[in-house]
Structures are given as C-alpha cells and as structure tokens.
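*Asks:*
Protein chains in written order, with the numbering used here: chain L, 573 to 792; chain D, 100 to 328.
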C-alpha cells in the first residue's frame, strides 16, 4: 500500500518536473524566435534580392520589386505544382521586366527551381537556378555558385536571347545554340526546356501580367 | 580545477576518445556535410556550440532532473538549444544557414551530443562538463575539417569553396587550375566512407606505433627482478 503510494508520488513528481522543464525551455525558444524574427525576415529578403539582382541588374528598374508581385496558381507551363510568383520591374512607370518563378521537373536529381527574367524587349534578361539537387561536380554547373567556370558561367548563355527562332533555346546536341558539358546533358537540357517554356508562357501573358493589381492572384 | 583531470578531458576529446574516429558517433552529419572544408567547419562549429551549451545546461540542472525521466529531459534541453542555434544561424549567418540546411536541426539527432550529456555532464560539475563539451566538439570539428579538406581537394580541386558566404569578396583557392576534371567519387557519399576509413587507419597506425615504442622501451629497461634472475 505504502510502496504504491510512493511510486505514485514519484511519477507525479517526475511529471511535474518534466512539465516545468518543458515550459521553461519553450519560453526560451519563444523568446529567441521573437528576438530573431526581424533579422530572419531581413536576411530572407536580402537573399531574394541577391538572386533577383543576378537575373536583372538593379539599374534596369526603379520600383519596389518585392512589393510589386502577382501570385500564380498551379501553372503546368511553368512547371509550378503549388503556385509561384511573378515580380514586376518598372522604370519611370514603364514596364521593364517580369521575373517569373519556374521549375524544371526533369532534372537528373529531381526538380530544379528557376528564376527567369524576361525584359520588356521580349528577350531573356537572365536565369538562375535557386534550388536543385543535381549531382555535385557533374550536373551542378547549372548553378553559377557551383560552376567551376567563373568567368563565363554556363547559365549566362541565356542572357539576351529571344524566343525566336524556336530552336535557339535548346542544346547544340538537340539542334539548338546552347553549349553543355559532355556527360552532364540531362541537367542542362532540363533547364533549357524549362526556360524556353517559361519564356513562351510569359510572352503570351505579359500584357495582362503587367496590368494585374499588385498582390492579386493571376487568372490565366 | 585539477590539472590532471583537465588534461585527460582534453586528450580524450581530441584523441583517445575522439567522437569521429574512436567512438564513431554522429556519422550522419560527418559523412553528409563534409563535401568541402567550409561546410564541414561550419557544421563543426555549430556542433561545438550545441555540445558546450548542452553540457553546461545539463550539468547546471543535473540536481533537478529526476533519474527516471532524465533522457526525455536531456532531449528537451538539447532540442531547445539546437532550435536557438538554428534561429541564430538563420538570422545572422543566412548564407551558411542555406548551405547547412537540414543539418543544423539534425544536430539534435547526433548521438554524440546525448552521449556526452548522459555519460559526462549528468555526473560532473559545470566547469568540467563545459570543458568536456568543448573538447569533444573540437575533436569532431578536427575530423570534419580533415574530411572536408580531403574530399574537396581530391573531388573538386579547390579549397575554401563557399567562403564568400562567410567573408564577402573572398574567393576559393583553385589548386589544380580551372581544367581539373574533378574526382566525383570523393564528393559522393562513398567518398566520405573511404576518407573516414583512411583517417581511422591513420589514427590506429599512429596509436599502434606509439604502443610498440612503449613496449620496446619497457623491454629494454630491465627491471631489478629481471636483473637478478
């Protein structure tokens, strides 16, 4: 009877101590979260701006790009399953460029997330791979941070190219104009295909994309 | 603080009980993140920080933790500390945070942290426990750095790639020129096992030689009994 009593008391005490620890450490995490949140948001914005700067030089627009956004629903032409965003660059009120999120579904290591900038002159302003799982040292040259050729990274080939003729945005091996590395064709081909599709889609929607209210959801 | 104990804690962490080469704990992050020197050292530093804080916290609170529920409480403490470190990296070292990604939260599951907390910090005072966390973490960092450097040099012919995430404008070293074809195997997971195997073999070889030397020294110096017999 008394042994049972002590066992009950012990487990009750243990439960109480665990509860106290859980409360104290949750409080510690909550405090850290509140304290770091503004810094984390600023860092995220800066990171996004760095990618945007890479596809579109800051001199080509003068508006608040990160606020001038149109939300996209799932868009098969862009490879977007969950939806994505279009950033709109303007200069002196005139349309300057659209920066479109797109995905190449057929990379060697799965999906390759891309940022594609299309200028108002209907030419590609720049392309960047923002997230991918291509083989390190082999297919990851699609990402200029991993590309060993620092002077002329592979992905810079897209800069200034137009949608016509239709074969331009394909690898040389497939009859196009883009170089690729031997032995790692799949990654390059996936990016080239996704960029070509994204460019085509953007050009056929650009008037409405520029005109849509900021922050609205685009209805194709 | 007793000098003898201090020495023992440090040599245990760095050599005798090195977590990466002897205890072989925490292999998941060691093998996954050591594709280059900067990643490896960064994760090593994050792990040292967590081990130091976890050992410190547990040693300070050890008298309040009931023996029966110590493991869940330890895990709670470690997980909270890792969350704090994760948030701090996200806020102030964002570039690195993106590279290390899932491996910062995964420090929670690194057995070495819980192992040191349970084996050392739960039974020792704050000062010695902190030192143990530091020494064990430093041992792990050394192994991570060696692995990262080996795999990066052999695999991609560079050193310090990714340093621009830490220091603005710094560029990595190109050791064998721009046309080094790379050695993919070193960067892929099997390369991690090979490199770790080589390091363990090296350590065992050095240990073996030291042991042989001790034995020879013991054999050469005759004991008084041996002399009379």
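Here a beta-carbon is modelled for each residue, glycine too, at the ideal position from N, C-alpha and C.
Everything numeric in this text was worked out from a predicted model, so none of it was measured.
(1) Under 8 Å, do residue 601 (chain L) and residue 183 (chain D) count as touching if we go by C-beta distance?
(2) Excluding the 5 residues flanking residue 768 (chain L) on each side, which residues of the same chain have their C-beta closer than 6 Å to its C-beta?
(3) Terminal residues of the continuous beta strand (DSSP E) containing residue 659 (chain L)?
(4) Counting only Cβ pairs nearer than 9 Å, list the residues of chain L close to residue 189 (chain D).
(5) Below 8 Å, can you find three or more Cβ-Cβ pairs linking the segment 662–674 of chain L to the segment 634–654 of chain L?
(6) Excluding the 5 residues flanking residue 791 (chain L) on each side, which residues of the same chain have their C-beta closer than 6 Å to its C-beta?
(7) Can you look up residue 640 (chain L) in the DSSP assignment and give me helix, strand or coil?
(8) Do the CB positions of residue 138 (chain D) and residue 216 (chain D) come within less than 8 Å of each other?
(9) Return helix, strand or coil for residue 247 (chain D), following the three-state DSSP convention.
(10) Kindly say whether residue 589 (chain L), judged by its beta-carbon, lies nearer than 8 Å to any beta-carbon of chain D.
(11) Give the residues from the segment 166–178 of chain D that approach chain L closer than 7 Å (Cβ to any Cβ), ordered along the chain.
(12) What does DSSP give as the partner residue(s) for residue 671 (chain L) in the beta ladder?
(13) Out of D:103, D:299, D:173, which has the shortest C-alpha to C-alpha gap to residue 246 (chain D)?
(14) Taking residue 255 (chain D) as the query, report the chain L residues whose CB atoms sit under 7 Å from its CB, ordered along the chain.
(15) Can you find a C-beta in chain D that's less than 8 Å from the C-beta of residue 597 (chain L)?
(16) Answer yes or no: do residue 288 (chain D) and residue 126 (chain D) have a C-beta to C-beta separation smaller than 8 Å?
(17) Just verifying my parser: in three-state terms, what is the DSSP assignment at residue 225 (chain D)?
(18) If you drop the 5 nearest sequence neighbours on each side, which residues of the same chain put their C-beta closer than 7 Å to that of residue 239 (chain D)?
(19) Just grab the DSSP bridge partners of residue 698 (chain L) for me.
(20) Which residues of the segment 124–135 of chain D have a Cβ closer than 7 Å to any Cβ of chain L? Give them in chain order.
(21) If you follow the alpha helix (DSSP H) that residue 773 (chain L) is part of, which residue opens it and which one closes it?
(22) Taking just the CA atoms, how far does residue 176 (chain D) sit from residue 295 (chain D)?
(23) Examine chain L for any beta-carbon lying closer than 8 Å to the beta-carbon of residue 182 (chain D), and answer yes or no.
(24) Alpha carbons only, please: which of L:582, L:681, L:629, L:605 is nearest the one belonging to residue 165 (chain D)?
(25) Out of curiosity, what's the CA-to-CA distance linking residue 758 (chain L) and residue 105 (chain D)?
(26) Note down, in chain order, all residues in the segment 632–648 of chain L with a beta-carbon under 8 Å from any beta-carbon belonging to chain D.
(27) For residue 684 (chain L), which three-state DSSP category applies?
(28) Which residue or residues does DSSP assign as beta-bridge partners of residue 734 (chain L)?
(29) Could you spell out where the alpha helix (DSSP H) holding residue 705 (chain L) opens and where it closes?
*Replies:* Result, derived from the coordinates:
(1) yes
(2) 741
(3) 656–663
(4) 608, 611, 612, 615, 616
(5) yes
(6) none
(7) coil
(8) no
(9) helix
(10) yes
(11) 167, 168, 171, 172, 175, 176
(12) L:659, L:689
(13) D:299
(14) 709
(15) yes
(16) no
(17) helix
(18) 118, 119, 125, 143, 146, 211
(19) L:689
(20) 134
(21) 757–783
(22) 30 Å
(23) yes
(24) L:582
(25) 56 Å
(26) none
(27) strand
(28) L:695
(29) No alpha helix (DSSP H) contains residue 705 (chain L), which DSSP labels as neither H nor E.
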